[in-house]
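Enquirer: Here it is: the structure, laid out below.
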Amino acid sequence: MAKIFYEQWQNTYHAFGLYNLEDVIRDIKDNHALHKQEYIEEMAKIFYEQWQNTYHAFGLYNLEDVIRDIKDNHACNYDQLPILAIALDNNNQNLAATAGLEKCDVPAGNPYYNTTPWMACVYTKPEYRGEGVATYMINKILAVAKQLNYTHVWLWTENATSLYEKLGFHIVEKIKHIGMDITIMRIDFDTSAY
1038 MAKIFYEQWQ
1048 NTYHAFGLYN
1058 LEDVIRDIKD
1068 NHALHKQEYI
1078 EEMAKIFYEQ
1088 WQNTYHAFGL
1098 YNLEDVIRDI
1108 KDNHACNYDQ
1118 LPILAIALDN
1128 NNQNLAATAG
1138 LEKCDVPAGN
1148 PYYNTTPWMA
1158 CVYTKPEYRG
1168 EGVATYMINK
1178 ILAVAKQLNY
1188 THVWLWTENA
1198 TSLYEKLGFH
1208 IVEKIKHIGM
1218 DITIMRIDFD
1228 TSAY
């Protein structure tokens, strides 16, 4: 599966110094938050500032709740959901971007509550935007979903529809979600290539 993904996104991987399938597999394993727990508090602060209403809908009402959620539910997973991946800058010192794969990214009562998995926590720090980092992280998470034998991935976005469409996602529906106008999107993997 990683081979198929490498072939599809070869130019993107090459731009990040990943020149063969082994590099891609190693990168997927090495850059998960499991190995970078020192970034948890920084991630939690960013996430809470960006998606406070979403966290409140899931019963996480302050920064400490989000830190605990990441530590308890995300940071130690590599081969099961939820998974949270990070990208570091070229010096391997500073957090540049994040992306995750969740069992569900909508609260109970949402019509999509029983769908899985969901891409979530896609964030690139402003100083790293425009360099393809978000595309790289999204592709990394899609590769993980394929490795876990999922046939599709869901997401919701307020304003990044065009980015996700360029990467193969299609619009499913536009809905109101915890007070926001969002677009539900999905990407379906070509399982015949497996």
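This note's numbering numbers the first residue of the sequence shown as 1038 and each following residue consecutively.
Backbone N, C-alpha and C fix where the C-beta goes; we use that ideal spot for every residue, glycine too.
Are there 16 or more other CB atoms within 10 angstroms of the CB of T1188, so buried, or fewer, so exposed?
Expert: Looking up residue 1188 in the sequence shown gives position 151. It is exposed - the Cβ of T1188 has fewer than 16 other Cβ atoms within 10 Å.
Enquirer: Of all the alpha helix (DSSP H) runs that stay within the bounds of the segment 1131-1211, which reach a length of 4 or more residues?
Expert: 1170-1184 and 1198-1203
Enquirer: Looking only at its own chain, which residues have a Cβ that is under 7 Å from the Cβ of N1131, when we skip the five neighbours before and after it?
Expert: If you number the sequence shown from 1, residue 1131 lands on position 94. Cβ within range, chain order: L1125.
Enquirer: For T1161, count neighbouring Cβ atoms within 10 angstroms of its own Cβ and tell me buried if that reaches 16, exposed if not.
Expert: The residue labelled residue 1161 in the question sits at position 124 within the sequence shown. The residue is buried, with at least 16 neighbouring Cβ atoms inside 10 Å.
Enquirer: Leaving out five residues on either side along the sequence, give the residues of the same chain with a beta carbon under 6 Å from the beta carbon of W1193.
Expert: For the purposes of this step, residue 1193 is taken as residue 156 along the sequence shown, with counting starting at 1. These residues qualify, in order along the chain: I1219 and I1221.
Enquirer: Would you be able to state if there are at least three C-beta pairs under 8 Å between the segment 1074-1082 and the segment 1096-1108?
Expert: yes
Enquirer: Suppose contacts are defined by Cβ-Cβ distances below 8 Å. Is Y1165 in contact with A1136 by that definition?
Expert: In the sequence shown, counting from the first residue as 1, residue 1165 sits at position 128. In the sequence shown, counting from the first residue as 1, residue 1136 sits at position 99. Taking 8 Å as the Cβ cut-off, Y1165 and A1136 do not qualify as a contacting pair.
Enquirer: Where do the ends of the alpha helix (DSSP H) carrying D1126 lie?
Expert: Indexing the sequence shown from 1 puts residue 1126 at position 89. Where D1126 is concerned, there is no enclosing alpha helix (DSSP H), given that its DSSP letter is neither H nor E.
Enquirer: Which word fits H1214, buried or exposed, when buried means at least 16 other C-beta atoms lie within 10 angstroms of its C-beta?
Expert: As a first step, residue 1214 is located in the sequence shown; it is residue number 177 there, counting from the start. Buried: at least 16 other Cβ atoms inside 10 Å.
Enquirer: Distance check for M1174 and K1140, CA to CA, integer angstroms please.
Expert: On the sequence shown, position 103 is the one that residue 1140 refers to. On the sequence shown, position 137 is the one that residue 1174 refers to. Near 18 Å, if we compare the C-alpha coordinates of M1174 and K1140.
Enquirer: Given this structure, state the Cα-to-Cα distance separating N1186 from N1176, to the nearest angstrom.
Expert: As a first step, residue 1186 must be located in the sequence shown, where it is residue number 149. As a first step, residue 1176 must be located in the sequence shown, where it is residue number 139. If I take the Cα positions, the gap works out to 15 Å.
Enquirer: Who are the near neighbours of Q1087 in its chain, counting only those whose CB is closer than 7 Å to its CB and skipping five residues on each side?
Expert: Position 50 of the sequence shown, counted from the first residue, corresponds to residue 1087. Result list for Q1087: Y1160, in chain order.
Enquirer: Between which two residues does the beta strand (DSSP E) carrying I1224 extend?
Expert: Taking the first residue of the sequence shown as position 1, residue 1224 is located at position 187. M1217 to D1225 is the extent of the beta strand (DSSP E) around I1224.
Enquirer: Nearest to P1154 by alpha carbon, out of L1118, G1169 and N1128?
Expert: The residue you call residue 1154 lines up with position 117 of the sequence shown. Here the closest residue by C-alpha is L1118.
Enquirer: Considering Cα atoms alone, identify which of F1095, N1129, H1207 and D1116 is closest to A1145.
Expert: Taking the first residue of the sequence shown as 1, we reach residue 1145 at position 108. It is F1095 whose Cα lies nearest to the Cα of A1145.
Enquirer: DSSP three-state call for Q1087: helix, strand or coil?
Expert: Translated into positions along the sequence shown, residue 1087 becomes position 50. Three-state DSSP puts Q1087 in a helix.
Enquirer: Is it the case that the Cβ atoms of I1208 and A1122 are separated by a distance below 8 Å?
Expert: On the sequence shown, position 171 is the one that residue 1208 refers to. On the sequence shown, position 85 is the one that residue 1122 refers to. Result no, Cβ atoms of I1208 and A1122 do not sit closer than 8 Å.
Enquirer: When we look at the beta-carbon of M1156 and count the other beta-carbons within 10 Å, is it buried (16 or more) or exposed?
Expert: Against the sequence shown, residue 1156 aligns to sequence position 119. Burial call: buried.
Enquirer: Which residues mark the beginning and the end of the alpha helix (DSSP H) in which L1100 is found?
Expert: Along the sequence shown, one-based indexing puts residue 1100 at 63. If you look at L1100, you'll find it in the alpha helix (DSSP H) that goes L1100 to D1106.
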